[in-house]
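Structure record follows, encoded as structure tokens.
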Amino acid sequence: MTQTSRPFLPFVRPEIDEKTIQGVADVLGSGWITTGPQNQQFEAELSAYFGGRPVRAFNSGTCTMEIGLRIAGVDAGDEVITTPVTWVSTANVILEVGATPVFVDIDPVTRNMDLNLLERAITPRTKAIMPVYLAGLPVDMDRLYEIARAHKLRVIEDAAQAIGSSWRGKRIGSFGDIISISFHANKNVTSIEGGVLVLNNDDEAELARKYRLQGITRTGMDGMDCDVLGGKYNLTDVAARVGLGQLRQVERFTQKRRELARAYFEAFKGGAAEKLDIGLPVADFENSNWHMFQIALPLDRLTLTRAQFMEQLKERGVGAGVHYPALHLFTLYRERGFREGMFPHAEKLGASTVTLPLFTQMNTDDVAHVVGAIDAIFEQQRNA
Ligand SMILES: *Cc1c(COP(=O)(O)O)cnc(C)c1O
Numbered sequence: 009m010t011q012t013s014r015p016f017l018p019f020v021r022p023e024i025d026e027k028t029i030q031g032v033a034d035v036l037g038s039g040w041i042t043t044g045p046q047n048q049q050f051e052a053e054l055s056a057y058f059g060g061r062p063v064r065a066f067n068s069g070t071c072t073m074e075i076g077l078r079i080a081g082v083d084a085g086d087e088v089i090t091t092p093v094t095w096v097s098t099a100n101v102i103l104e105v106g107a108t109p110v111f112v113d114i115d116p117v118t119r120n121m122d123l124n125l126l127e128r129a130i131t132p133r134t135k136a137i138m139p140v141y142l143a144g145l146p147v148d149m150d151r152l153y154e155i156a157r158a159h160k161l162r163v164i165e166d167a168a169q170a171i172g173s174s175w176r177g178k179r180i181g182s183f184g185d186i187i188s189i190s191f192h193a194n195k196n197v198t199s200i201e202g203g204v205l206v207l208n209n210d211d212e213a214e215l216a217r218k219y220r221l222q223g224i225t226r227t228g229m230d231g232m233d234c235d236v237l238g239g240k241y242n243l244t245d246v247a248a249r250v251g252l253g254q255l256r257q258v259e260r261f262t263q264k265r266r267e268l269a270r271a272y273f274e275a276f277k278g279g280a281a282e283k284l285d286i287g288l289p290v291a292d293f294e295n296s297n298w299h300m301f302q303i304a305l306p307l308d309r310l311t312l313t314r315a316q317f318m319e320q321l322k323e324r325g326v327g328a329g330v331h332y333p334a335l336h337l338f339t340l341y342r343e344r345g346f347r348e349g350m351f352p353h354a355e356k357l358g359a360s361t362v363t364l365p366l367f368t369q370m371n372t373d374d375v376a377h378v379v380g381a382i383d384a385i386f387e388q389q390r391n392a
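Under our numbering, residue 392 is the last one in the sequence shown; the count climbs by one each step, no gaps.
Listed below in structure tokens is the structure:
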């Protein structure tokens with residue numbers, strides 16, 4: 009193996025430009041650092057970005073989903089349908105509002121909820137569907153909303169990873185029911201931590217505002233009151249300023265990510281990994297924002313485990329992640345009756361998926377290096 013002097017390549021790294029850093033310094037010096045004018049500006053620009061729909065910004069993309077469920081009227085005893093291949097918060101918020109998560113297996117090609125299995129999971133208790141757009145690839149949005157309408161179900165989109173994605177030329181978030189997007193540090197657009205809810209009307213936006221801060225309806229001056237059980241979910245102005253600087257670059261970020269994803273497909277062509285049937289994502293350059301580039305290891309054809317594979321990648325200077333193990337096998341969900349074998353495609357992907365480096369400050373040389381490292385590992389396997 010040749011030693012390289014390349015710096016270690018992490019699987020993700022945020023790009024914060026100088027203008028944003030200066031903007032943050034200005035906010036810090038302004039005398040108002042928590043929710044205020046920057047938050048208002050962030051909401052105004054987000055609303056414009058989502059075609060003028062009402063939005064509310066929050067301090068995470070988890071509380072946005074929980075509040076989205078509350079606004080949709082999801083309550084104790086209701087069922088909410090989602091996918092087992094997602095960040096665990098998608099299912100946790102369903103439990104948080106007292107409802108029951110119902111999982112539908114994934115389509116192994118798109119790695120998203122299999123819409124062909126969706127209708128048979130609907131029962132008289134089903135209240136809502138929470139689709140997830142893994143790695144930024146949306147589900148068939150026409151089909152999703154057709155099914156939702158036919159069964160009179162609400163949709164709370166976990167579009168946490170999908171800012172910049174679209175469906176048939178329309179931005180994700182600019183249409184549909186309630187959309188939740190995350191601005192966690194690893195997402196395509198970040199406010200360090202944060203999230204946004206895209207809503208249908210002013211009543212929902214007002215309710216979202218109340219849930220965001222203790223259900224307060226009036227300030228102290230007017231005789232304080234609160235009328236719903238809200239929480240503490242407001243976004244600081246420092247975070248909002250970071251989000252603003254990021255949102256203004258979303259088109260460039262998405263373009264760059266699509267370029268890098270294309271470079272991955274090119275680099276994998278004809279190599280040892282391809283010959284051993286490594287699983288590649290759907291080559292979609294219209295809809296996906298390429299939040300992640302994920303491979304699925306053909307573990308039945310390898311003599312190494314995923315952990316060993318990732319360790320060898322690391323030795324070659326390449327970071328990687330796992331997004332995500334099938335969550336119905338976590339203790340919290342096993343205790344609720346979920347077992348191995350219930351969602352075989354999700355379990356197989358969850359055990360074999362690896363997220364490769366993809367961030368805007370990478371270049372195609374970095375991509376070639378990653379794929380070179382993978383091919384070298386696979387070449388050893390072929391000769392083993
Ligand atoms: C990031 C993410 C979330 C949660 O977002 P936070 O802002 O970290 O709370 C939810 N669902 C998915 C699919 C995510 O990737």
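Built from N, CA and C at the ideal position, the CB exists for glycine as well.
Quick one: is the Cβ of residue i within less than 7 Å of any heavy atom of ligand 1?
i: T244; result: no
i: V63; result: no
i: H192; result: yes
i: V140; result: yes
i: K240; result: no
i: A69; result: With the sequence shown as reference, residue 69 is identified as Gly, and Ala is not the correct amino acid for it. Yes, Cβ of G69 sits closer than 7 Å to a heavy atom of ligand 1.
i: G172; result: no
i: A281; result: no
i: D166; result: yes
i: T94; result: yes
i: G329; result: no
i: G203; result: yes
i: Q169; result: yes
i: S199; result: no
Cutting at 6 Å between CB atoms, please list the residues of its own chain near residue i, excluding the five before and the five after it.
i: V110; result: E87, I89 and A129
i: I102; result: V88 and P109
With respect to the alpha helix (DSSP H) encompassing residue i, which residues constitute its N-terminal and C-terminal limits?
i: A158; result: M149 to A158
i: D115; result: Premise fails: D115 is in no alpha helix (DSSP H) and is neither H nor E.
i: R342; result: T339 to R342
i: D210; result: D210 to R220
i: S97; result: S97 to E104
i: G239; result: Looking at the DSSP string, G239 is not in any alpha helix (DSSP H), and its letter there is neither H nor E.
i: K322; result: R314 to E323
If I measure Cβ to Cβ from residue i and keep anything under 7 Å in the same chain, skipping five residues before and after, which residues do I get?
i: E214; result: none
i: V112; result: I89, T91, M121, D122, L125, L126 and A129
i: D34; result: none
i: P289; result: A143, F301 and Q302
Using 8 Å as the threshold, is the C-beta distance between residue i and residue j below it?
i: I79; j: A170; result: no
i: G325; j: P365; result: no
i: V204; j: Y219; result: no
i: M121; j: T98; result: no
i: S188; j: I180; result: no
i: G238; j: G223; result: yes
i: V362; j: M300; result: no
i: L123; j: D148; result: yes
i: H331; j: Q302; result: yes
i: D210; j: P62; result: yes
i: L152; j: D292; result: no
i: F386; j: A280; result: yes
i: L284; j: R309; result: yes
i: V93; j: A304; result: no
i: I24; j: V250; result: yes
i: A248; j: A84; result: no
Helix, strand or coil, according to DSSP, for residue i in the structure here?
i: V204; result: strand
i: G329; result: strand
i: A304; result: strand
i: F50; result: helix
i: M370; result: coil
i: M350; result: coil
i: D83; result: coil
i: M9; result: Unreliable placement is indicated for M9, whose pLDDT of 48 sits below 50; no coordinate value is reported for it.
i: L17; result: strand
i: K277; result: coil
i: N391; result: helix
i: P109; result: strand
i: I137; result: strand
i: G287; result: strand
i: M229; result: helix
So, at 8 Å on beta carbons, what are the nonlocal neighbours of residue i in its own chain, with the 5 sequence-adjacent residues on each side left out?
i: M9; result: For M9, the predicted model reports a pLDDT of 48, less than 50, meaning its position is unreliable; a value from the coordinates is still stated below. If we look at M9 and ignore the five residues flanking it on each side, its Cβ neighbours are R324 and A384.
i: M232; result: I224 and R226
i: A193; result: P22, I200 and E201
Let's see if you can read the secondary structure: which residues bound the beta strand (DSSP E) around residue i?
i: S38; result: Premise fails: S38 is in no beta strand (DSSP E) and is neither H nor E.
i: V362; result: T361 to L364
i: D166; result: R162 to D166
i: F66; result: V63 to F66
i: R226; result: I224 to R226
i: I189; result: I186 to S190
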